[in-house]
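Have a look at the structure below before the remarks.
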Amino acid sequence: MGRTLAEKVWDDHVVRRAEGEPDLLFIDLHLLHEVTSPQAFDGLRMGGRPVRRLDLTIATEDHNTPTLDIDKPIADPVSRAQLETLRKNCAEFGVRLHPLGDVEQGVVHVVGPQLGLTQPGTTVVCGDSHTSTHGAFGALAFGIGTSQVEHVLATQTLPLAPFRTMAITVDGELPADVSAKDLILAVIARIGTGGGQGYVIEYRGEAIEKLSMEARMTVCNMSIEAGARAGMIAPDQTTFDYLRGRPHAPRDADWDEAVAYWRTLRTDDDAVYDHEVRLDASELAPFVTWGTNPGQGAPLSASVPDPASFEDAGERLAAEKALEYMGLEAGRPLREVTVDTVFVGSCTNGRIEDLRSAASVVEGRRIADSVRMLVVPGSVRVALQAVEEGLDKVFTAAGAEWRHAGCSMCLGMNPDQLAPGERSASTSNRNFEGRQGKGGRTHLVSPQVAAATAVLGRLASPADLSDVPTPVEA
Amino acid sequence: MEAFTTHTGRAVPLRRGNVDTDQIIPAHWLKKVTRDGFEDGLFEAWRKDPQFVLNQPQYAGASVLVAGRDFGTGSSREHAVWALQNYGFKAVLSSRFADIFRGNSLKNGLLTVVLPQEDIERLWALAETDPTAEVTVDLVGREVRAGGVSTAFELDEDARRRLLEGLDDISLTLLHEADIAAFEARRPAHKPSTAVA
Numbered sequence: 001m002g003r004t005l006a007e008k009v010w011d012d013h014v015v016r017r018a019e020g021e022p023d024l025l026f027i028d029l030h031l032l033h034e035v036t037s038p039q040a041f042d043g044l045r046m047g048g049r050p051v052r053r054l055d056l057t058i059a060t061e062d063h064n065t066p067t068l069d070i071d072k073p074i075a076d077p078v079s080r081a082q083l084e085t086l087r088k089n090c091a092e093f094g095v096r097l098h099p100l101g102d103v104e105q106g107v108v109h110v111v112g113p114q115l116g117l118t119q120p121g122t123t124v125v126c127g128d129s130h131t132s133t134h135g136a137f138g139a140l141a142f143g144i145g146t147s148q149v150e151h152v153l154a155t156q157t158l159p160l161a162p163f164r165t166m167a168i169t170v171d172g173e174l175p176a177d178v179s180a181k182d183l184i185l186a187v188i189a190r191i192g193t194g195g196g197q198g199y200v201i202e203y204r205g206e207a208i209e210k211l212s213m214e215a216r217m218t219v220c221n222m223s224i225e226a227g228a229r230a231g232m233i234a235p236d237q238t239t240f241d242y243l244r245g246r247p248h249a250p251r252d253a254d255w256d257e258a259v260a261y262w263r264t265l266r267t268d269d270d271a272v273y274d275h276e277v278r279l280d281a282s283e284l285a286p287f288v289t290w291g292t293n294p295g296q297g298a299p300l301s302a303s304v305p306d307p308a309s310f311e312d313a314g315e316r317l318a319a320e321k322a323l324e325y326m327g328l329e330a331g332r333p334l335r336e337v338t339v340d341t342v343f344v345g346s347c348t349n350g351r352i353e354d355l356r357s358a359a360s361v362v363e364g365r366r367i368a369d370s371v372r373m374l375v376v377p378g379s380v381r382v383a384l385q386a387v388e389e390g391l392d393k394v395f396t397a398a399g400a401e402w403r404h405a406g407c408s409m410c411l412g413m414n415p416d417q418l419a420p421g422e423r424s425a426s427t428s429n430r431n432f433e434g435r436q437g438k439g440g441r442t443h444l445v446s447p448q449v450a451a452a453t454a455v456l457g458r459l460a461s462p463a464d465l466s467d468v469p470t471p472v473e474a
Numbered sequence: 001m002e003a004f005t006t007h008t009g010r011a012v013p014l015r016r017g018n019v020d021t022d023q024i025i026p027a028h029w030l031k032k033v034t035r036d037g038f039e040d041g042l043f044e045a046w047r048k049d050p051q052f053v054l055n056q057p058q059y060a061g062a063s064v065l066v067a068g069r070d071f072g073t074g075s076s077r078e079h080a081v082w083a084l085q086n087y088g089f090k091a092v093l094s095s096r097f098a099d100i101f102r103g104n105s106l107k108n109g110l111l112t113v114v115l116p117q118e119d120i121e122r123l124w125a126l127a128e129t130d131p132t133a134e135v136t137v138d139l140v141g142r143e144v145r146a147g148g149v150s151t152a153f154e155l156d157e158d159a160r161r162r163l164l165e166g167l168d169d170i171s172l173t174l175l176h177e178a179d180i181a182a183f184e185a186r187r188p189a190h191k192p193s194t195a196v197a
């Protein structure tokens, strides 16, 4: 019987297979950041163990880093201590680090791909659940805990329990105003936050094949929000074109050999998935979340649902609690929900195409007086590219704040946070209670919706914008 | 890792589904660089509510958390496991766990047990009507016993053995050094390297 893409990559990394034990898999690339690594380095020190493969390990600073005044000492002493711990650990063990201020610094899942380190058919891990991002290249990439970070540092392998396979096939073409973010939010709403549990999802079909690499990363990034172990997309010419010439992409004869291998990384015609889901891209529309988990979403044209409409008692209770936390009442049109803050950035939507999308919406317009808009590029390289294209000027002319690279308001470990009760439209990945700051209320949206929302001061898509750049009172 | 064989303690009924790791331990706690001292951060936002189940005196000192479906979703932060353990929990029972959280828990000796939702409901009712009722989570016999009823649970044999014996995963893997070295020797040259040319 044929094999799926995920099974092929898995099989190519089995170091040891024994009856009654999990397969021991080799890890091609280990990404580190300051939050989930300190206890792992402590473990190495206690065991007297070195990092086995420094040449497969790289670190960056992202979660704690400020997005203002980066040339000054970090104000929060605890954040500063955590970053200093990473610097000390990397120096002691010899790990390559891109600290704040370095041209290669940025969100770990933006940095790996842009350096060309994320490649098809590799295994990629990081102590961060959004490692699923790298699956966009046909890599088997997943988030791990700190104990596993230590395990990979020490052995470059992981014992891993078997997975099930799921195909999510998206037929047809996405409408012009619908982005990869809308697509993945719709997928999560369909299968639920636990729907992917135990699965590696492969996204396929015409609509997926037509996505750019960056859009594919947005899709795979949020696989974890459906509970999946990983998300993958088969590599194709789009993937190869993105990789060619990047600093760590293979060169010369290695390139040809690599591409020949990468072309084999397609699910065989006779392979069978454990579960299949089909969507029609042409039926998708701009999508937003109304609740406190990423599965609680609806098309922007819909209204806040009535909890009583949920058949499952658990979902009904969850919806009730979500509406209470979000300060929303059933039946209110989503387009009438006003927001205070708009955040454009994160490993989900902090790449150059995302910034271009948002900029194209606010260009020549002003954001609403009542709205604070933060634009946080995913990496220093993304920021430099944006400046070269003049996007920073477009944002600041519209009244938005142009910041330095990092995770920022996606999880508010740095000073970029929502105040209690404050409401955001955010291009990030989680709308959990308090995620963006204690008591903050988050609506997950695409960059286009974020930008239109900033202009109107209420949840909106670019189609809602008239040429008059004045905010509409909701 | 501390071995887990069997544990008996009182239960806390957490009637919530989709308890994500941001609720278990909010991000600002993740700045700590140790594995301990997270107990005050556990469910920090919910604990501000005097009615929250952990604030009810009858559940003080309980060590078995009985939670709704999809416990531990979201982030990969192992701090969520440490926070539960630092607070005093030895086992968490739910009808479904997020994968990364479950892996993290088993690596730290926090036993996560999957039970059918009807058993979770029964344990909630038991803990609510009689907060002094004891629940036994028996990894040797692979069953949960409470209120005169016992329910069998599954756990893959390898994970079970590691927990029962409190084995160190890294030492076990390093027994296969020769296999790792052999794999490294046959890796293709085109694979990525972080080394600066």
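Protein sequences, first through last, are from chains R and P. The UniProt record's numbering applies: residue 1 is where the first sequence begins, and numbers increase by one. The UniProt record's numbering applies: residue 1 is where the second sequence begins, and numbers increase by one. For every residue, glycine included, the Cβ atom is placed at its ideal position computed from N, Cα and C. In this text, all values refer to a predicted model and were calculated from it rather than measured experimentally.
As assigned by DSSP and simplified to three states, the class of R:Gln114: helix
Short Cβ contact (8 Å threshold) for P:Thr194 with R:Thr122: no
As assigned by DSSP and simplified to three states, the class of R:Gly196: coil
Cβ shell of R:Met373 (< 6 Å), same chain only, five flanking positions each side left out: Val342, Ile367, Ala400 and Ala454
Status (buried if at least 16 other CB within 10 Å, exposed otherwise) for P:Val196: exposed
For P:Ala3 and R:Ile233, the rounded distance between their alpha carbons: 40 Å
Residues near P:Asn108 by beta carbon distance below 8 Å, same chain, minus five either side: Met1, Glu78, Val81, Trp82 and Gln85
Residues near R:Ala176 by beta carbon distance below 8 Å, same chain, minus five either side: none
Interfacial residues, the segment 106–125 of chain P to chain R, with Cβ spacing under 9 Å: Lys107, Asn108 and Gln117
Chain-ordered chain P contacts of R:Ile144 [CB-CB under 8 Å]: Ser76, Ile100 and Gly103
Cβ-based neighbour list, P:Gln117, same chain, cut-off 6 Å, excluding 5 preceding and 5 following: Ser95
Proximal residues, the segment 150–161 of chain R versus chain P, C-beta separation under 8 Å: Glu150, His151, Ala154, Thr155, Gln156, Thr157, Pro159 and Ala161
Inter-residue spacing [alpha-carbon to alpha-carbon] between R:Leu117 and R:Pro250: 9 Å
Exposure of R:Thr36, with buried meaning 16 or more beta-carbon neighbours within 10 Å: buried
Bridge partner(s) assigned by DSSP for R:Cys126: R:Leu31 and R:Gly143
Contacts of residue 549 of chain R in chain P (Cβ-Cβ under 8 Å): With chain R running from 1 to 474 in the structure shown, residue 549 of chain R is simply not present.
Residues near R:Pro247 by beta carbon distance below 7 Å, same chain, minus five either side: Leu115 and Gly116
Cβ contact (3+ pairs, closer than 8 Å) linking the segment 218–227 of chain R and the segment 187–203 of chain R: yes
Interfacial residues, the segment 156–180 of chain P to chain R, with Cβ spacing under 7 Å: Asp156, Glu157, Asp158, Asp169, Ile170, Thr173, Leu174, His176, Asp179 and Ile180
C-beta atoms of P:Gln23 and R:Phe432 nearer than 8 Å: yes
Terminal residues of the beta strand (DSSP E) in which R:Glu276 lies: His275 to Asp280
Cβ pair count under 8 Å reaching 3, the segment 129–143 of chain R against the segment 225–239 of chain R: yes
Minimum Cβ-Cβ distance from R:Lys438 to chain P less than 8 Å: yes
Beta-carbon separation (whole angstroms), P:Arg16 vs P:Ala67, contact threshold 8 Å: 7 Å
Through-space distance from P:Arg122 to P:Val149, alpha-carbon basis: 10 Å
R:Tyr203 - partner residues in DSSP beta bridges: R:Ile168
CB contact check: P:Gln51 to chain R, cutoff 8 Å: no
Cβ shell of R:Arg216 (< 6 Å), same chain only, five flanking positions each side left out: Ala136 and Ile233
Per-residue burial, P:Ser75 [other beta carbons within 10 Å of its own, 16 or more giving buried]: buried
Partners in chain R for P:Gln56, counting only beta-carbon separations shorter than 7 Å: In chain order: nothing, as chain R lies at least about 18 Å away.
Under 8 Å between C-beta atoms of R:Leu83 and R:Glu34: yes
Under 9 Å (Cβ pairs) to chain R, residues found in the segment 4–30 of chain P: Arg15, Arg16, Gly17, Asn18, Asp20, Thr21, Asp22, Gln23, Pro26, Ala27, His28 and Leu30
Within chain P, the residues that R:Ile58 reaches when beta carbons sit closer than 8 Å: Thr194
Beta-carbon spacing of R:Leu185, R:Gly297 below 8 Å: yes
CB-CB length for P:Gly103 against R:Gly439, believed under 8 Å: Actually they are not in contact, since the Cβ atoms of P:Gly103 and R:Gly439 sit about 31 Å apart, beyond 8 Å.
Minimum length 3: unbroken beta strand (DSSP E) runs contained in the segment 42–109 of chain R: 57–60 and 96–98
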